[in-house]
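Numbering (full-length UniProt numbering), first residue to last: 1 to 385. Cβ coordinates follow ideal geometry from the N, Cα and C atoms, glycine included. This report refers to the structure that appears directly beneath it.
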């Protein structure tokens with residue numbers, strides 16, 4: 001998916017795209033490693049992707065997850081929501097008798113024995129990943145991200161968008177935290193996906209760089225980062241992975257698509273919630289934010305607070321960002337912002353679900369409700385006391 005020229009990005013017409021990762025489940029919300037069967041049913045044996053109405057369905061590394069990608073990037077977030085929600089609805093109509101899709105940043109109850117690595121097209125890359133890093137860990141086999149892609153027109157825009165998103169990484173991690181459970185129990189953080197993700201390539205630290213990259217000065221500077229990754233990969237026998245997509249910072253550049261890709265956010269419970277985050281991000285890229293920290297040590301400290309507590313430690317800063325987003329929002333973005341404010345004030349999905357679990361210890365019920373939110377595209381709200 002190539003984004004082309006993102007003309008007048010400060011004016012709000014920046015092209016935007018999303019990628020959504022959902023777990024595939026059977027009765028009782030048991031994860032099923034059957035993405036290959038779904039894609040085969042749509043496009044024949046060996047398919048790794050399938051056009052499906054308003055979206056494309058695609059494989060992920062783990063066969064318990066399927067990716068839903070809108071058919072094209074769009075200047076309006078509403079158009080993306082329509083495409084993705086229609087794709088989810090079509091999936092439910094076609095496969096609902098067999099499978100239930102579930103969002104969130106990790107499957108709350110999955111054990112590693114329940115999933116499998118994709119063994120079709122491109123498996124040769126996964127074999128290299130496994131040899132160098134070892135794929136049998138939650139940081140590879142049980143993570144689900146909401147990826148946001150913002151088009152850029154030239155190198156100046158690339159650098160500006162990248163640096164703005166870099167400074168927003170802790171706050172976006174906080175508000176999107178949606179992975180509090182690991183193997184059926186709360187695991188001590190609101191964003192366990194990022195806890196695992198930042199360690200899954202620790203053998204070559206330059207690839208993830210603790211999620212927060214350095215400040216970017218030029219396109220050439222990013223090329224230097226890639227060159228360092230490639231040198232380290234070649235030394236480890238990983239030359240096959242020397243491609244721009246190997247970078248795993250919380251925000252990366254995809255030169256081949258002409259977009260900046262945001263990777264820090266957990267998948268949410270429904271498409272509407274995903275799009276609320278997309279609206280928030282794009283409004284903040286455009287906003288005047290002189291108060292944002294840019295020092296890497298400061299950002300790493302803030303990110304740790306976000307991973308552990310969600311919004312709890314960063315609420316004043318998040319509210320300040322929300323007001324800035326409201327001032328800069330376009331008519332397309334503004335209707336999504338009340339949900340963002342609700343999540344700031346009441347807590348991220350992770351915080352809401354942990355509070356509920358402490359009340360009833362009913363994780364199966366929580367998962368059923370989250371699947372219902374995705375199916376109906378109605379954001380989850382904590383029960384009123």
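Comparing alpha-carbon positions, which option in 39, 94 and 247 lies nearest residue 401?
-> Outside the shown range of the chain (1 to 385) lies residue 401, about which nothing can therefore be said.
Which term fits residue 346, buried or exposed, when burial requires 16 or more other beta carbons within 10 angstroms of its beta carbon?
-> If you draw a 10 Å sphere on the C-beta of residue 346, you find fewer than 16 other C-beta atoms in it, and that means exposed.
Under the rule that 16 or more other beta-carbon atoms within 10 Å means buried, what is residue 167, buried or exposed?
-> Burial call: buried.
Taking C-alpha atoms, which residue in 96, 294 and 25 lies nearest to residue 165?
-> Distances from the alpha-carbon of residue 165 to those of 96, 294 and 25 put 294 closest.
Roughly how many angstroms lie between the CA atoms of residue 374 and residue 101, to the nearest whole one?
-> Between the alpha carbons of residue 374 and residue 101 lies a gap of roughly 8 Å.
Whole-Å CB distance - residue 151 paired with residue 258, under 8 Å assumed | That belief holds up - the Cβ atoms of residue 151 and residue 258 are roughly 6 Å apart, short of 8 Å.
Buried or exposed: where does residue 5 fall if 16 or more other Cβ atoms within 10 Å of its Cβ makes it buried?
-> Residue placement at residue 5 is flagged as unreliable, the pLDDT there being 41, under the threshold of 50; the coordinate-derived value follows with that caveat. Under the 10 Å beta carbon count, residue 5 is surrounded by fewer than 16 other beta carbons and is classified as exposed.
Within this structure, are the beta carbons of residue 274 and residue 18 separated by less than 8 Å?
-> Yes; because the gap between Cβ atoms is below 8 Å, this pair is in contact.
Going along the chain, which unbroken runs of the alpha helix (DSSP H) with 4 or more residues stay wholly within the region 257 to 299?
-> Fully enclosed alpha helix (DSSP H) runs of 4 or longer: 271 to 286.
Between residue 47 and residue 108, what straight-line distance do the alpha-carbon atoms span, to the nearest angstrom?
-> In this structure, the straight-line span from the alpha carbon of residue 47 to that of residue 108 is close to 28 Å.
If we count Cβ pairs, one from each stretch, closer than 8 Å, do we get three or more for the region 51 to 63 versus the region 130 to 142?
-> The answer is yes - the region 130 to 142 touches the region 51 to 63, with three or more Cβ pairs under 8 Å.
Are the Cβ atoms of residue 146 and residue 265 separated by less than 8 Å?
-> It is a contact, given that the beta carbons lie within the stated cut-off.
Alpha-carbon spacing of residue 73 relative to residue 81, whole angstroms = A direct Cα-to-Cα measurement between residue 73 and residue 81 gives close to 11 Å.
How many whole angstroms separate the CB atoms of residue 207 and residue 236, which I take to be in contact at a CB cut-off of 8 Å?
-> 11 Å between Cβ atoms; not a contact.
Taking the alpha helix (DSSP H) that residue 376 falls in, what are its first and last residues?
-> Start and end: 363 to 376.
Looking at the structure shown, is residue 354 part of a helix, part of a strand, or coil, going by DSSP?
-> Reduced to three states, the DSSP call for residue 354 is helix.
Contact under 8 Å by Cβ, residue 135 with residue 307 = The beta carbons of residue 135 and residue 307 sit no closer together than 8 Å.
Kindly confirm or deny that the region 87 to 103 and the region 123 to 133 touch, where touching means at least three C-beta pairs closer than 8 Å.
-> At 8 Å Cβ cutoff, the stretches do not touch.
Verify whether the separation of the beta carbon atoms of residue 104 and residue 278 is less than 8 Å.
-> Contact flag unset, no.
Report yes if the CB atom of residue 84 is closer than 8 Å to the CB atom of residue 70, and no otherwise.
-> Yes, they are a contact pair.
Go to residue 52, then tell me how far its beta strand (DSSP E) extends in each direction, as first and last residue.
-> Here the beta strand (DSSP E) through residue 52 covers 49 to 52.
Go through the region 216 to 259 residue by residue and report every complete run of the alpha helix (DSSP H) that reaches 4 residues or more, in order.
-> As for any alpha helix (DSSP H) of minimum length 4 sitting wholly inside the region 216 to 259, the runs are 219 to 235, ordered along the chain.
Put residue 122 into one of helix, strand or coil per three-state DSSP.
-> DSSP places residue 122 in the coil class of the three-state scheme, outside both helix and strand.
Do the CB positions of residue 299 and residue 169 come within less than 8 Å of each other?
-> A Cβ-Cβ contact shorter than 8 Å links residue 299 with residue 169.
Option nearest residue 336 by Cα separation, candidates 344, 292, 280 and 318 = Nearest option by C-alpha distance: 280.
Three-state secondary structure (DSSP) at residue 18?
-> Three-state result, residue 18: strand.
With a Cβ-Cβ cutoff of 8 Å, do residue 354 and residue 186 count as a contact?
-> In contact: residue 354 and residue 186 (Cβ atoms closer than 8 Å).
Are the beta-carbon atoms of residue 339 and residue 379 separated by less than 8 Å?
-> Their beta carbons are under 8 Å apart, which means residue 339 touches residue 379 by this criterion.
Return the first residue and the last residue of the alpha helix (DSSP H) that residue 66 is part of.
-> Here residue 66 belongs to no alpha helix (DSSP H); instead the beta strand (DSSP E) covers 65 to 70.
What residues are listed by DSSP as bridge partners for residue 74?
-> Answer is 16.
Buried/exposed call for residue 261, threshold 16 Cβ in 10 Å = Residue 261 is buried by the Cβ-count criterion.
Please check the pair residue 125 and residue 241, which I expect to be a contact at CB under 8 Å, by giving their CB distance rounded to whole angstroms.
-> In this structure residue 125 touches residue 241 by the C-beta definition: roughly 7 Å separates them, less than 8 Å.
Cα separation between residue 7 and residue 245?
-> Because residue 7 sits at a pLDDT of 39, beneath the cut-off of 50, its placement in the model cannot be relied upon, and the point is left open.
Candidates 50, 119 and 153: which alpha carbon is nearest residue 256's?
-> Selected option, being the one with the closest Cα: 153.
To the nearest angstrom, report how far apart residue 176 and residue 310 are at their CA atoms.
-> C-alpha of residue 176 to C-alpha of residue 310: approximately 8 Å in a straight line.
Span of the beta strand (DSSP E) around residue 149 = Element bounds for residue 149: 146 to 151.
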